[in-house]
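Q:
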Amino acid sequence: MRYSATTPETRGQMLAEIGVNSVADLLKSIPDAVRMNRPLEVAGPLAEADLRAHLESIKTSRPRVSFVGAGLYDHYIPAPVESLCARSEWVTSYTPYQPELAQGTLAMYYEFQTYMARLTGQEIANGGMYDGSTALAEAVLMAMRIRPKADPIIFVSDAVHPQYRAVLATYMRFVGVEIATMSHDPKSGRTLDLPAEEAQSKAIAVIFQSPNYFGVIEELEGVAADAFKIGVCTEALSMAVLPPLPVDIMVGDAQSFGIPMQLGGPTAGFFATRKEWVRKLPGRLVGRTVDAKGEEAFCITLATREQFIRREKATSNICTSSGLMCLRATVYLSLLGGAGLTRLAESCAKTTRYFVDGLAKLGIKRAHDGAFFNEVVLDARAATGLYEKLLAKDILLGLPLADLGPAYRDHYLFAATEQHYSRAEAILEEVRSLA
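Under this note's numbering, the first residue of the sequence shown is numbered 1, with each subsequent residue one higher.
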């Protein structure tokens, strides 16, 4: 339900229209015997997230708890995000080709680009992609444009999200590029099985994800200095506290920034790289300039999509964009600010550590010893049947990883966020009672 604000003047007009003097006059039909006749006694004010959690606890005695991440994360979305993004000026499928009609939308795209460039540590970012997986595929296509003489092969870590790798395989199938897989170390969870440096240097690109699919922070050990490197990030919040990856192109998904999980999508991808390659960048790019009056203005610039230039010269064919999702991310980031985003990321990391330590005491330990942010693989072989018992109590321990092979049977990909903080102790107590 949308909130419509009223003023004393508008309330007075409505009361006059129906012929009463005050709101109290509307309640005269209620007998005095059943009226409270005193202010309602309520507890003191709460932060928005705490208030919503309190109301949820009243609504149901057992709220559903999910620790599934794997590319979609349950972060709290402040109410202003919903309110601002529901305004009719924003909810449109119109592409802002005419700057004189779309300064607000163009300014939003520009701010999104600025946020993504700062978070990734890159020089420029575009106005968004469909999602993280298609952003990765477009990054390889861009690498092919930059390195036309490279060997038609890419080296991809098997610790990159499986769905991202599946989308990448679909793209590469039609451009004649071979995909060679680099294996991760079962002990640390990091990618260690790298090819020779010469092979890396001659390839189109070497691709890593950090934190990777298993939640482990990669260190890019053994990567050739002159290899073309593409970095992937599915938990964008991690960029608030982790140093930027030393890569040539950084892509990922901005879902953690104010975008609901909503059954898997839509989300918004981000794409950031060096300024020298700006003309090879896919998607839209919004620039800031001045108009004829010398005032600040925004417009789509350096357009290289097939709608602007010859199809065979286009750098991408992105048409319907994820602009509304980019708007949500932009509003979310502007509300939190740099310090707020850092505190939130630290809270998620601490909450995850709390659960990891608590579960370890029950025999449910991490499968890898590499550093992590807010996602880990849990080895639950010592607690057979616990996953099913918790599921019966509406607690989803994580994403089962049995489809990765026998080594990951009874292993679960577990992610915690600030949404789990207030209930952490109660959840662990429930797990103890069932273990």
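Glycine included, every Cβ here is placed at the ideal spot set by N, Cα and C.
Keep in mind it's a predicted model, so treat the numbers as computed, not measured.
1. Check each candidate in 105, 79, 99 and 78 and name the one with the smallest Cα separation from residue 91.
2. If contact is defined by three or more beta carbon pairs under 8 Å, each pair taking one atom from either stretch, is the region 189-206 in contact with the region 161-169?
3. Around the Cβ of residue 211, are there at least 16 other Cβ atoms within 10 angstroms (buried) or fewer (exposed)?
4. Please report the distance separating the alpha-carbon of residue 347 from that of residue 78.
5. When DSSP labels each residue in this structure, what does residue 218 get in the three-state scheme?
6. Need the endpoints of the alpha helix (DSSP H) that residue 110 sits in, please.
7. If you measure between the beta carbons of residue 322 and residue 129, is that distance less than 8 Å?
8. Please state if the CB of residue 274 and the CB of residue 123 are separated by a distance shorter than 8 Å.
9. Quick one: what's got a C-beta closer than 7 Å to residue 107's C-beta in the same chain, skipping five residues either side?
10. Could you check if residue 126 is buried or exposed, using at least 16 other CB atoms within 10 Å of its CB as the buried criterion?
11. Pull the bridge partners of residue 232 from the DSSP assignment, please.
12. Do residue 176 and residue 152 have their CB atoms nearer than 8 Å?
13. Could you give the DSSP three-state label for residue 287: helix, strand or coil?
14. Counting only beta-carbon atoms, is residue 22 nearer than 8 Å to chain C?
15. Count the C-beta pairs between the region 156-166 and the region 342-356 that are closer than 8 Å, then say yes if the count reaches three, no if not.
16. State the Cα-Cα distance for the pair residue 269 and residue 337, rounded to the nearest angstrom.
17. What residue range does the alpha helix (DSSP H) around residue 43 cover?
18. Closest by CA to residue 371, which one among 68, 5, 217 and 76?
19. If you draw a straight line from the C-alpha of residue 54 to the C-alpha of residue 43, how long is it?
20. Pick helix, strand or coil for residue 259, following the three-state DSSP scheme.
21. Any chance the region 219-230 sits against the region 381-396, with 3 or more Cβ pairs inside 8 Å?
22. So what does DSSP say about residue 379, is it helix, strand or coil?
23. Using only the alpha-carbon positions, how far apart do residue 285 and residue 387 sit?
24. Determine which residues share a DSSP beta bridge with residue 366 and list them.
25. On a CA-only basis, which of 69, 119 and 261 is nearest residue 378? Give me that one, please.
26. For residue 255, count neighbouring C-beta atoms within 10 Å of its own C-beta (all shown protein chains included) and say buried if the count is 16 or more, exposed if not.
27. Buried or exposed, going by whether 16 or more other CB atoms sit within 10 Å of the CB of residue 471?
28. Tell me which residues share the same chain as residue 434 and place their Cβ nearer than 8 Å to its Cβ, disregarding the 5 neighbours each side in the sequence.
29. When DSSP labels each residue in this structure, what does residue 8 get in the three-state scheme?
30. Three-state secondary structure (DSSP) at residue 73?
31. Kindly confirm or deny that the region 202-209 and the region 139-147 touch, where touching means at least three C-beta pairs closer than 8 Å.
A: Let me lay it out:
1. 105
2. No, because fewer than three Cβ pairs between the region 161-169 and the region 189-206 fall closer than 8 Å, the two stretches do not touch.
3. buried
4. 16 Å
5. coil
6. 103-120
7. Yes, the pair counts as a contact, with Cβ atoms nearer than the cut-off.
8. yes
9. 298
10. buried
11. According to DSSP, residue 232 bridges with 209 and 251.
12. yes
13. In the three-state scheme derived from DSSP, where H, G and I count as helix and E and B as strand, residue 287 is classed as strand.
14. The structure shown contains no chain C; it holds only a single protein chain.
15. With a cut-off of 8 Å, the region 342-356 and the region 156-166 do not count as touching, because too few Cβ pairs lie within range.
16. 20 Å
17. DSSP places residue 43 in no alpha helix (DSSP H); its state is neither H nor E.
18. 217
19. 11 Å
20. Here residue 259 sits in coil by DSSP.
21. no
22. strand
23. 46 Å
24. Residue 366 is bridged to 378.
25. 69
26. Burial call: buried.
27. Outside the modelled stretch of the chain, which goes from 1 to 435, sits residue 471, for which no answer is possible.
28. 386, 389, 390 and 393
29. Residue 8 falls in the helix class under three-state DSSP.
30. coil
31. They touch, by the three-pair rule.
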